[in-house]
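**Student:** Residues are numbered in our numbering as their position in the sequence shown, beginning at 1, plus a constant of 18. Have a look at this one.
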Amino acid sequence: MGKIKRLPDEVINQIAAGEVVERPSAVVKELMENAVDAGATHVEVSVEHDGERISVVDNGCGMTEGDALLALERHATSKIEKFEDLLGIHSYGFRGEALPSIAAVSLLTLKTRTADARQGIRFSVKEGRLISKEPCGMSVGTSLMVEDLFANVPARKKFLKSPVTEFGHIALTFKQMAMVRPDVHFVLKKDGKVLLNCTIQSEEERVLQLVQKEIIQRLSIEKGGRAVIPFDHVAGMFRVRGFLGAPILASTLSKNFFIFVNSRPIWDHRIKRGVADAYGTMIERQKSPLSVLFIEIPPYLVDINVHPAKREVRFSEEVKIYQLVYGGVRRALQESVWRQSALNEERGWSARGVRSLRENESEAGWKEGLLARESAESSLFRAYSPDILKSEKGEGDARRSPASSACAGDLHFAAGNDGEGGPFLEFRIVGQIARRYIACEKGEFLFLIDQHAAHEHVFFEKFKASWKKSAGEGVPSQYLLTPLLCELSLEEREVVKTYSDLFKGIGFDLEELSGGTLSIRAVPASLIQREISQVFLDLLQTCMEKGGERSIEEVLDPILATLACHSAVRFGESMTEVEMHALLAQLDEVGGPFFCPHGRPIFVEIPFSDIDRRLKRL
19 MGKIKRLPDE VINQIAAGEV VERPSAVVKE LMENAVDAGA THVEVSVEHD GERISVVDNG
79 CGMTEGDALL ALERHATSKI EKFEDLLGIH SYGFRGEALP SIAAVSLLTL KTRTADARQG
139 IRFSVKEGRL ISKEPCGMSV GTSLMVEDLF ANVPARKKFL KSPVTEFGHI ALTFKQMAMV
199 RPDVHFVLKK DGKVLLNCTI QSEEERVLQL VQKEIIQRLS IEKGGRAVIP FDHVAGMFRV
259 RGFLGAPILA STLSKNFFIF VNSRPIWDHR IKRGVADAYG TMIERQKSPL SVLFIEIPPY
319 LVDINVHPAK REVRFSEEVK IYQLVYGGVR RALQESVWRQ SALNEERGWS ARGVRSLREN
379 ESEAGWKEGL LARESAESSL FRAYSPDILK SEKGEGDARR SPASSACAGD LHFAAGNDGE
439 GGPFLEFRIV GQIARRYIAC EKGEFLFLID QHAAHEHVFF EKFKASWKKS AGEGVPSQYL
499 LTPLLCELSL EEREVVKTYS DLFKGIGFDL EELSGGTLSI RAVPASLIQR EISQVFLDLL
559 QTCMEKGGER SIEEVLDPIL ATLACHSAVR FGESMTEVEM HALLAQLDEV GGPFFCPHGR
619 PIFVEIPFSD IDRRLKRL
């Protein structure tokens, strides 16, 4: 007797149900998609008894008795007829497996009525078997109620999470559909209570309602107080548009990160990476920015039938999709950069420049005297100015060495902006703590500034400013008396060739010798007191990790972040008072957002009232 046998229909249906209906939220997804495909303008989702009963009611076109019976069979659909239709799908539930899959693992009650029918019809299906059919009174549309989900598949029910977690997935599914269809009125209820009422509204209003509008409205971000900005970017046949949140709204969770491809909610790591790379150092590495992306692409260039639940898709040109997302988000952020956190804005801080200390002796003369007295030990905090330390190729040693520069003479700030100093110069420095933090006070707050993160931020912003100002040739360099020789692997040599313009732009003068040896003749001036060979190898590694198919502009931020990290004062390195003052002044010069290139905050603030409370003074 043969070993291979046909599976019973009951087992086949349960296997299909396992692919389509993995949890209660999948039921909501499939039924909402069918409602929208039916032309509904009002969809109501109701969850009762911790998900034991789920209903979706719509005012769509409804179904005739014959269509309803067919809809309960597997592989029956009105949305495709031939194979070619799969290459241009515009509907949601096109595979004809939603209703039979749900009915195979639950008690399903279907009521439906078309506009030309005098009454509706009611079907009851339990565990895949039709148990009743009768007329019923109802308005035009379709109503589906799902009860006892997975009652006949206890093993699957055992793997469901807590009711709170499962309802969270339902709410997310509801938000995704409501967000992409602002022309439909969606209502979400739980145990009879309305939780979300999304009336027909504009796309921006719908997005703001569904990404915690009440929190966003409490934040005061510059650019007109907007915490979320719209954007639109077209590249050939592709388009990406949507909404981007301020860096301060970034979260370790991805609950406010939405991707839609041709109006279909999906999840794609390459697209998410494109957004994260575009934000770059504006957010911490482990956080996700608030983002809502609507990607439009010709249907024949995307396969939406590669995942049982259609959560993932396959693009025929993945690299172009990444470049589309990265380019669109990057441009939007560059045109509308948030310069400081909401907290700073509320206190009247601004990212304006600071006039020259040398031209303001009435207020800062005492600081200049201090800087002049301690200039020899303060060279690490000299000003970053492109016309300083830059020597012509072939001159050998630079005209001015870092060790001989005076801090007072090098603190070069933009003069004449508004005649006022910035917020950091208003701090009173208390001292350095554990050789890590600068303790300052202002008003009723104690500020702890991360010295390394702050100095990283200064270098990074100035590196970027120099790069933009002189088209990639403005980072100050220092020629070495004796060239430094490095032995490179084949891969490293290829990286140097690929990004030769980038290395030149950030201050390196490189010459390839025979046998895989590289001669480093000049380095960025900020590295002159560092271990140059190790820094250069770290930069190479960054290029190898972040490069690949990306252009110089796309890999620039990670490179400048690595360079800034090596240039900055170390975490655990002693600082004098003059160095601390100089660092605060430079923070005022470059302004916000006040995060280091790797996304860590530069400072924290502690109200003295909290300290008083801890010490029982209040």
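We treat Cβ as the ideally placed atom computed from N, Cα and C, and that holds for glycine. This structure is a prediction, so every number in the text was calculated from the model and none was measured.
Given that a residue counts as buried once 16 or more other Cβ atoms are within 10 Å of its Cβ, and exposed if not, what is residue 425?
**Tutor:** Residue 425 sits at position 407 when you count from the first residue of the sequence shown. Any reading at residue 425 must be qualified, since the residue scores a pLDDT of 29, below 50, and its modelled position is unreliable; no value is offered.
**Student:** Quick check: is the beta carbon of residue 163 nearer than 9 angstroms to any beta carbon in chain B?
**Tutor:** The structure shown has no chain B; it contains just one protein chain.
**Student:** Provide the residue span of the alpha helix (DSSP H) that contains residue 119, from first to last.
**Tutor:** Residue numbering aside, residue 119 sits at position 101 when the sequence shown is read from its first letter. From DSSP, the alpha helix (DSSP H) with residue 119 extends over 116-122.
**Student:** Let me make sure I understand the geometry here. Which of 486, 462, 284 and 455 has the alpha-carbon closest to that of residue 471?
**Tutor:** Translated into positions along the sequence shown, residue 471 becomes position 453. The candidate whose alpha carbon is nearest that of residue 471 is 455.
**Student:** For the stretch 595-609 against the stretch 442-451, are there 3 or more C-beta pairs whose distance is under 8 angstroms?
**Tutor:** The stretch 595-609 is in contact with the stretch 442-451.
**Student:** For residue 191, does the count of other Cβ atoms within 10 angstroms reach 16, so buried, or fall short, so exposed?
**Tutor:** For the purposes of this step, residue 191 is taken as the residue at position 173 of the sequence shown. It counts as buried.
**Student:** Within its chain, find whatever has a CB closer than 8 angstroms to the CB of residue 166; leave out the 5 residues flanking it on each side and keep chain order.
**Tutor:** Locating residue 166 in the sequence shown gives position 148, where the first residue counts as 1. So the qualifying residues of the chain are 70, 124 and 125.
**Student:** Just the C-alpha distance for residue 289 and residue 521, rounded to the nearest angstrom, thanks.
**Tutor:** Here residue 289 refers to the residue found at position 271 when the sequence shown is read from its first residue. Here residue 521 refers to the residue found at position 503 when the sequence shown is read from its first residue. Approximately 28 angstroms, taken between the alpha carbons.
**Student:** Helix, strand or coil for residue 441 per DSSP?
**Tutor:** Translated into positions along the sequence shown, residue 441 becomes position 423. Note: residue 441 maps to coil in three-state DSSP.
**Student:** Would you grab the beta carbon distance between residue 517 and residue 570 for me? Rounded to a whole angstrom, and I think it's under 8 angstroms.
**Tutor:** Here the question's residue 517 lines up with position 499 in the sequence shown. Here the question's residue 570 lines up with position 552 in the sequence shown. Indeed they touch by this definition, with Cβ atoms about 7 angstroms apart.
**Student:** Can you give me the C-alpha to C-alpha distance between residue 537 and residue 504, rounded to a whole angstrom?
**Tutor:** Residue mapping note: residue 537 aligns to position 519 of the sequence shown, counting from 1. Residue mapping note: residue 504 aligns to position 486 of the sequence shown, counting from 1. Approximately 7 angstroms between the Cα atoms of the pair.
**Student:** Would residue 318 be called buried (16 or more neighbouring beta carbons within 10 Å of its own) or exposed?
**Tutor:** Mapped onto the sequence shown, residue 318 falls at position 300. Classification for residue 318: exposed.
**Student:** Would you kindly work out how many angstroms separate the C-alpha atoms of residue 102 and residue 185, rounded to a whole number?
**Tutor:** For the purposes of this step, residue 102 is identified with residue 84 of the sequence shown, where counting begins at 1. For the purposes of this step, residue 185 is identified with residue 167 of the sequence shown, where counting begins at 1. Because the pLDDT of residue 102 is 49, which lies under 50, any placement of that residue in the model is unreliable, and the number read from its coordinates should be weighed accordingly. The straight-line gap from Cα to Cα measures roughly 38 angstroms.
**Student:** With distance defined between alpha-carbon atoms, name the residue in 348, 617 and 612 nearest to residue 623.
**Tutor:** Mapped onto the sequence shown, residue 623 falls at position 605. Comparing Cα positions, the closest option is 612.
**Student:** With a CB to CB cut of under 7 angstroms and the five nearest residues on each side skipped, what residues in its chain are close to residue 279?
**Tutor:** Working through the sequence shown from its first residue, we reach residue 279 at position 261. Closer than 7 angstroms at Cβ, skipping near neighbours: 313, 315, 320 and 331.
**Student:** Determine the direct distance from the alpha carbon of residue 65 to that of residue 157, and round the result to whole angstroms.
**Tutor:** Translated into the one-based positions of the sequence shown, residue 157 becomes position 139. Translated into the one-based positions of the sequence shown, residue 65 becomes position 47. Distance between the alpha carbons of residue 157 and residue 65: 21 angstroms.
**Student:** If we ignore side chains and look at the alpha-carbon of each, how far apart do residue 43 and residue 284 end up?
**Tutor:** What you label residue 43 is simply residue 25 of the sequence shown in a count that begins at 1. What you label residue 284 is simply residue 266 of the sequence shown in a count that begins at 1. Their backbone Cα atoms lie some 15 angstroms apart in a straight line.
**Student:** So, with DSSP's three-state summary, where would you put residue 585?
**Tutor:** Position 567 of the sequence shown, counted from the first residue, corresponds to residue 585. In the structure shown, residue 585 sits in a helix (DSSP, three-state: H, G or I).
**Student:** Go to residue 215, then tell me how far its beta strand (DSSP E) extends in each direction, as first and last residue.
**Tutor:** Residue 215 sits at position 197 when you count from the first residue of the sequence shown. Counting along the chain, the beta strand (DSSP E) containing residue 215 begins and ends at 211-216.
**Student:** Name the DSSP beta bridge partners of residue 165, please?
**Tutor:** Indexing the sequence shown from 1 puts residue 165 at position 147. Beta-bridge pairing links residue 165 to 71 and 125.
**Student:** Shortest alpha-carbon distance to residue 53 belongs to which of 275, 78 and 494?
**Tutor:** Your numbering for residue 53 matches position 35 in the sequence shown. When each option's Cα is compared against that of residue 53, the closest is 78.
**Student:** Below 6 angstroms CB to CB, which residues in the same chain sit around residue 81 once its five sequence neighbours on both sides are set aside?
**Tutor:** Along the sequence shown, read from residue 1 onward, the residue named residue 81 stands at position 63. Hits under 6 angstroms: 130.
**Student:** By the DSSP assignment, the alpha helix (DSSP H) with residue 596 in it spans what residues?
**Tutor:** Sequence index remark: in the sequence shown, residue 596 carries index 578 (1-based). Note, residue 596: alpha helix (DSSP H), 595-608.
**Student:** In angstroms with no decimal places, state the Cα-to-Cα distance between residue 136 and residue 258.
**Tutor:** Counting from one through the sequence shown, the residue named residue 136 turns up at place 118. Counting from one through the sequence shown, the residue named residue 258 turns up at place 240. Taking the straight line joining both Cα atoms gives about 46 angstroms.
**Student:** Span of the alpha helix (DSSP H) holding residue 194?
**Tutor:** Taking the first residue of the sequence shown as 1, we reach residue 194 at position 176. Counting along the chain, the alpha helix (DSSP H) containing residue 194 begins and ends at 181-198.
**Student:** With distances taken between CB atoms, is the gap from residue 39 to residue 119 smaller than 9 angstroms?
**Tutor:** In the sequence shown, counting from the first residue as 1, residue 39 sits at position 21. In the sequence shown, counting from the first residue as 1, residue 119 sits at position 101. Yes, Cβ-Cβ distance for residue 39 and residue 119 is below 9 angstroms.
**Student:** For residue 302, collect the residues of the same chain with a Cβ closer than 8 angstroms to its Cβ; drop the 5 residues on either side in sequence, then sort them by chain order.
**Tutor:** Mapped onto the sequence shown, residue 302 falls at position 284. Around residue 302: 268, 613, 616, 617 and 618.
**Student:** Between the Cα of residue 469 and those of 263, 334 and 599, spot the shortest distance and give me the residue it belongs to.
**Tutor:** The count along the sequence shown starts at 1 and reaches residue 469 at position 451. Residue 469 has its Cα closest to that of 599, out of 263, 334 and 599.
**Student:** Taking all protein chains shown into account, do 16 or more other C-beta atoms lie within 10 angstroms of the C-beta of residue 496, making it buried, or fewer, making it exposed?
**Tutor:** Counting from one through the sequence shown, the residue named residue 496 turns up at place 478. Buried is the call here.
**Student:** May I ask you to report which of helix, strand or coil DSSP gives residue 518?
**Tutor:** Here residue 518 corresponds to residue number 500 of the sequence shown, with the count starting at 1. Here residue 518 sits in helix by DSSP.
**Student:** Give me, in chain order, the residues of the same chain whose beta-carbon lies closer than 7 angstroms to that of residue 198; leave out the 5 immediate sequence neighbours on both sides.
**Tutor:** As a working note, residue 198 is residue 180 in the sequence shown. 278, 281 and 283.
**Student:** Which residues in the same chain as residue 366 place their Cβ atom closer than 6 angstroms to its Cβ, once the five residues preceding and following it in sequence are excluded?
**Tutor:** The residue labelled residue 366 in the question sits at position 348 within the sequence shown. Interpretation of residue 366 is limited by its pLDDT of 37, a score under 50 that renders its predicted location unreliable; the figure taken from the coordinates is listed afterwards. Cβ neighbours of residue 366 beyond the five flanking positions: none.
**Student:** At the level of alpha carbons, what is the spacing between residue 41 and residue 561?
**Tutor:** Mapped onto the sequence shown, residue 41 falls at position 23. Mapped onto the sequence shown, residue 561 falls at position 543. Cα-Cα distance, rounded: 42 angstroms.
**Student:** Whole angstroms are fine: how far does the CA of residue 549 sit from the CA of residue 510?
**Tutor:** In the sequence shown, the residue the question calls residue 510 occupies position 492. In the sequence shown, the residue the question calls residue 549 occupies position 531. So the two alpha carbons sit approximately 19 angstroms from each other.
**Student:** From the DSSP output, read off the bridge partner residues of residue 257.
**Tutor:** Reading the sequence shown from its first residue, position 239 is the one you call residue 257. Per DSSP, 252 and 314.
**Student:** So, are the CB atoms of residue 76 and residue 160 less than 9 angstroms apart?
**Tutor:** Counting from one through the sequence shown, the residue named residue 76 turns up at place 58. Counting from one through the sequence shown, the residue named residue 160 turns up at place 142. Closer than 9 angstroms, so yes.
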